[in-house]
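Student: Quick one: structure below, then a few questions.
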DNA sequence: TGGGCATACTAACACAGGTTGGCGCGCGCT
DNA sequence: AGCGCGCGCCAACCTGTGTTAGTATGCCCA
């Protein structure tokens, strides 16, 4: 079974077998297991390493003094936390494991070595970063201007494509290991309303969700409901 | 009067006089004037150039088929649209002028030339980009979890710092040349509610806003009201 | 095998913010 | 000078989503 990071990179650029071996090597060193609901990187730290998610879901989040939490990004298997952390900066947010997570810890030097003289790898990392930024923009638009049901539908469509590219979707069925409060914090709503909205998507025949797996029963319908246009995920 | 781009870069890194001259040179070629409410870069294009905002305000926005508009970023004088556009990609959004805008058109080659052998400039561009990403994250958190008044207060605090760094704030008074519908689209609300909230901030003695200039009457109070922590804007 | 706990799910009610529509001002036209 | 119109502003009403407070369900661990 191939590693999701390499799969994703191959979406962007053609890799030689040697490129592939190098990227795969990054994912095989310094493996760490982090229990669910625990921080991978706390707020206010100045991280030296970056992390490659190999298994499980994590998130970037901000927490307000009064306890409100905003999830500003979801990190899926194959996602690299910050390819360019070596520009030392203090974290303005935290990275937390939503489920038990397996990560590879990577040093800036290892990234530098992998990139040096390998334009395909560098190009792939760039495209990853552009895609991440596009996702940020789409989230701002979503929380700002989409209704509850549109937001949820849109998120499911986004996750479907992202997981498919990492080789983790089974056709139109995908893992969905997060709780409703997690979805609420990612979409700027309450878990109660997420529940209502899930019900609406279900009774509308668009999705089925049980035992942490989501099945999209009507992909075109779901995309239409969420005003989802996959173009923003294509950097090519 | 110095150019806002150079001022901003000097916030991040120390520049030699020569560095400064090179950056300043970028801002003096291929000047274009764009009338207010017109696109600088339309959606779905594959831009070759990037733009440096010299005067006026612009925004990145997404428009839905039914007309809803989401402003996902504000571009102020001194802001560079996409330092790394040369990774050719199709625009997933548009860039529009909110006011009449003066820009310098810059080619990828010019950026490459400016960076080559000048680590300070490269470092500065990187830090600019990290700051931009941090602002994106903060916007997601804002629209997701801050109340109307908190959002508006937070935005004003953000703009205050950003404009100050570009040398465009007069103490605690800053230009605010956008309309209430513009603010609404940036904050995910309606212009009517922006108006209500402005009134609340005004009667609370936190701000004064007239003839397109904002005066922050109580900076600490406004920051508290908006849960504003300037740390996220500091990449150092 | 049962008890505790996290999560899903629901109902009733509350309210922040959206919608509609209208008034007036100021500015740029002609 | 007068006209149109974008914009600020406001009031009345409406509704999508939040809040509160449960019950139900399934899983882990003793």
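Residue numbers (the working numbering), protein chains in the order written: chain A, 1434 to 1669; chain B, 1434 to 1669. Cβ coordinates follow ideal geometry from the N, Cα and C atoms, glycine included.
Put residue 1551 of chain A into one of helix, strand or coil per three-state DSSP.
Tutor: Translated into positions along the first chain, residue 1551 of chain A becomes position 118. Coil.
Student: Give the residues from the stretch 1552-1570 of chain A that approach chain B closer than 8 Å (Cβ to any Cβ), ordered along the chain.
Tutor: Hits within the stretch, in order: 1556, 1559, 1560, 1563, 1566, 1567, 1569, 1570.
Student: Of all Cβ atoms in chain A, is any one closer than 7 Å to the Cβ of residue 1665 of chain B?
Tutor: Position 232 of the second chain holds residue 1665 of chain B. Output row for residue 1665 of chain B: interface = yes.
Student: What is the rounded straight-line gap between the Cα of residue 1528 of chain B and the Cα of residue 1473 of chain B?
Tutor: Here residue 1528 of chain B refers to the residue found at position 95 when the second chain is read from its first residue. Here residue 1473 of chain B refers to the residue found at position 40 when the second chain is read from its first residue. Going from the Cα of residue 1528 of chain B to the Cα of residue 1473 of chain B covers about 5 Å.
Student: Pick out the complete beta strand (DSSP E) segments inside the stretch 1608-1634 of chain B, 3 residues or longer, and give them in chain order.
Tutor: If we require 3 residues or more, the stretch 1608-1634 of chain B turns out to have no beta strand (DSSP E) run fully inside it.
Student: Decide if residue 1641 of chain A is buried, meaning its Cβ has at least 16 other Cβ atoms within 10 Å, or exposed.
Tutor: Locating residue 1641 of chain A in the first chain gives position 208, where the first residue counts as 1. By the neighbour-count rule (16 or more Cβ atoms within 10 Å), residue 1641 of chain A is not buried but exposed.
Student: I'd like to know whether the C-beta atoms of residue 1599 of chain B and residue 1441 of chain B end up nearer to each other than 7 Å.
Tutor: Taking the first residue of the second chain as position 1, residue 1599 of chain B is located at position 166. Taking the first residue of the second chain as position 1, residue 1441 of chain B is located at position 8. Result yes, Cβ atoms of residue 1599 of chain B and residue 1441 of chain B sit closer than 7 Å.
Student: Would residue 1525 of chain B count as contacting chain A if we go by Cβ distances under 7 Å?
Tutor: Taking the second chain and counting its residues from 1, the one referred to as residue 1525 of chain B is at position 92. By this cut-off, residue 1525 of chain B is an interface position.
Student: Taking C-beta to C-beta, are residue 1510 of chain B and residue 1437 of chain B nearer than 7 Å?
Tutor: Counted from its first residue, the second chain places residue 1510 of chain B at position 77. Counted from its first residue, the second chain places residue 1437 of chain B at position 4. Yes, Cβ-Cβ distance for residue 1510 of chain B and residue 1437 of chain B is below 7 Å.
Student: Taking 7 Å as the threshold (C-beta atoms), are residue 1593 of chain B and residue 1616 of chain B in contact?
Tutor: Position 183 of the second chain, counted from the start, is the residue given in the question as residue 1616 of chain B. Position 160 of the second chain, counted from the start, is the residue given in the question as residue 1593 of chain B. No, these two residues do not count as a Cβ contact at 7 Å.
Student: List in chain order: all unbroken alpha helix (DSSP H) runs of 4+ residues lying wholly within the stretch 1487-1566 of chain A.
Tutor: Listed in chain order, the complete alpha helix (DSSP H) runs (minimum 4 residues) inside the stretch 1487-1566 of chain A are 1541-1548.
Student: Run through DSSP, which three-state label would residue 1466 of chain B get?
Tutor: Within the second chain, numbered from 1, the residue matching residue 1466 of chain B stands at position 33. DSSP places residue 1466 of chain B in strand when its eight states are reduced to three.
Student: Check the C-beta distance from residue 1537 of chain B over to residue 1485 of chain B and give it rounded, since I have them as a contact under 8 Å.
Tutor: Here the question's residue 1537 of chain B lines up with position 104 in the second chain. Here the question's residue 1485 of chain B lines up with position 52 in the second chain. That pair is a contact at about 4 Å.
Student: Note down, in chain order, every chain B residue with its Cβ under 8 Å from the Cβ of residue 1520 of chain A.
Tutor: For the purposes of this step, residue 1520 of chain A is taken as residue 87 along the first chain, with counting starting at 1. Those within 8 Å of residue 1520 of chain A in chain B are 1556, 1559, 1560, 1563, 1668.
Student: Under 7 Å between beta-carbons, which chain B residues line up against residue 1486 of chain A? List them in chain order, please.
Tutor: Start at 1 with the first residue of the first chain, and residue 1486 of chain A comes out as number 53. In chain order: nothing, as chain B lies at least about 18 Å away.
Student: In three-state terms, what does DSSP make of residue 1662 of chain B?
Tutor: Along the second chain, one-based indexing puts residue 1662 of chain B at 229. In the structure shown, residue 1662 of chain B sits in coil (DSSP, three-state: anything other than H, G, I, E or B).
Student: Give a yes or no on whether the C-beta atoms belonging to residue 1584 of chain B and residue 1531 of chain B are separated by under 7 Å.
Tutor: Counting from one through the second chain, the residue named residue 1584 of chain B turns up at place 151. Counting from one through the second chain, the residue named residue 1531 of chain B turns up at place 98. No, the pair does not count as a contact, with Cβ atoms beyond the cut-off.
Student: Measuring only the C-alpha atoms, how far is residue 1550 of chain A from residue 1589 of chain B?
Tutor: Your numbering for residue 1550 of chain A matches position 117 in the first chain. Your numbering for residue 1589 of chain B matches position 156 in the second chain. Distance between the alpha carbons of residue 1550 of chain A and residue 1589 of chain B: 45 Å.
Student: Using beta-carbon positions only, say whether residue 1563 of chain B and residue 1506 of chain A come within less than 7 Å of one another.
Tutor: On the second chain, position 130 is the one that residue 1563 of chain B refers to. On the first chain, position 73 is the one that residue 1506 of chain A refers to. Not in contact: residue 1563 of chain B and residue 1506 of chain A (Cβ atoms no closer than 7 Å).
Student: Do you know offhand how far residue 1651 of chain B's Cα is from residue 1555 of chain B's?
Tutor: Here the question's residue 1651 of chain B lines up with position 218 in the second chain. Here the question's residue 1555 of chain B lines up with position 122 in the second chain. Cα to Cα, residue 1651 of chain B sits roughly 37 Å from residue 1555 of chain B.
Student: So with Cβ pairs under 7 Å, would you call residue 1660 of chain A a contact of chain B?
Tutor: Within the first chain, numbered from 1, the residue matching residue 1660 of chain A stands at position 227. Cβ-Cβ to chain B under 7 Å: yes for residue 1660 of chain A.
Student: Please list the partners that residue 1441 of chain B has in chain A, where partner means a Cβ-to-Cβ separation under 9 Å.
Tutor: Taking the first residue of the second chain as position 1, residue 1441 of chain B is located at position 8. Chain A residues near residue 1441 of chain B: none, gap ~16 Å exceeds 9 Å.
Student: Measuring only the C-alpha atoms, how far is residue 1664 of chain B from residue 1654 of chain A?
Tutor: On the second chain, residue 1664 of chain B is found 231 positions in, with the first residue counted as 1. On the first chain, residue 1654 of chain A is found 221 positions in, with the first residue counted as 1. Going from the Cα of residue 1664 of chain B to the Cα of residue 1654 of chain A covers about 42 Å.
Student: Using DSSP with H/G/I as helix, E/B as strand and the rest coil, what is residue 1435 of chain A?
Tutor: For the purposes of this step, residue 1435 of chain A is identified with residue 2 of the first chain, where counting begins at 1. Of the three classes helix, strand and coil, the one that applies to residue 1435 of chain A here is coil, per DSSP.
Student: Looking at the secondary structure, which residues open and close the alpha helix (DSSP H) in which residue 1592 of chain A lies?
Tutor: Within the first chain, numbered from 1, the residue matching residue 1592 of chain A stands at position 159. Segment 1581-1598, the alpha helix (DSSP H) holding residue 1592 of chain A.
Student: Where do the ends of the beta strand (DSSP E) carrying residue 1479 of chain A lie?
Tutor: Counting from 1 along the first chain, the entry for residue 1479 of chain A is found at position 46. Per DSSP, residue 1479 of chain A belongs to no beta strand (DSSP E) and is neither H nor E.
Student: Can you pull the chain A neighbours of residue 1572 of chain B, defined as C-beta to C-beta under 7 Å?
Tutor: Here residue 1572 of chain B refers to the residue found at position 139 when the second chain is read from its first residue. Chain A residues near residue 1572 of chain B: 1573.
Student: What does the Cβ neighbour count give for residue 1468 of chain A, buried or exposed, with the cut at 16 atoms within 10 Å?
Tutor: Mapped onto the first chain, residue 1468 of chain A falls at position 35. Residue 1468 of chain A comes out exposed.
Student: Roughly how many whole angstroms lie between the Cα atoms of residue 1643 of chain B and residue 1576 of chain B?
Tutor: Within the second chain, numbered from 1, the residue matching residue 1643 of chain B stands at position 210. Within the second chain, numbered from 1, the residue matching residue 1576 of chain B stands at position 143. Residue 1643 of chain B and residue 1576 of chain B: Cα-Cα distance of roughly 25 Å.
Student: Where does residue 1456 of chain B sit, in a helix, a strand or coil, going by DSSP?
Tutor: One-based indexing of the second chain puts residue 1456 of chain B at position 23. Three-state result, residue 1456 of chain B: helix.
Student: Mind listing the chain B neighbours of residue 1503 of chain A? Cutoff is C-beta to C-beta under 7 Å, in chain order.
Tutor: For the purposes of this step, residue 1503 of chain A is identified with residue 70 of the first chain, where counting begins at 1. Correct list: 1573, 1574, 1577, 1578.
Student: Taking 7 Å as the cut-off, decide whether the C-beta atoms of residue 1604 of chain B and residue 1446 of chain B are in contact.
Tutor: Translated into positions along the second chain, residue 1604 of chain B becomes position 171. Translated into positions along the second chain, residue 1446 of chain B becomes position 13. No, these two residues do not count as a Cβ contact at 7 Å.
Student: Looking at residue 1463 of chain A: is its Cβ nearer than 7 Å to the Cβ of residue 1535 of chain A?
Tutor: As a position in the first chain, residue 1463 of chain A is number 30, starting the count at 1. As a position in the first chain, residue 1535 of chain A is number 102, starting the count at 1. The answer is no: Cβ separation not under 7 Å.
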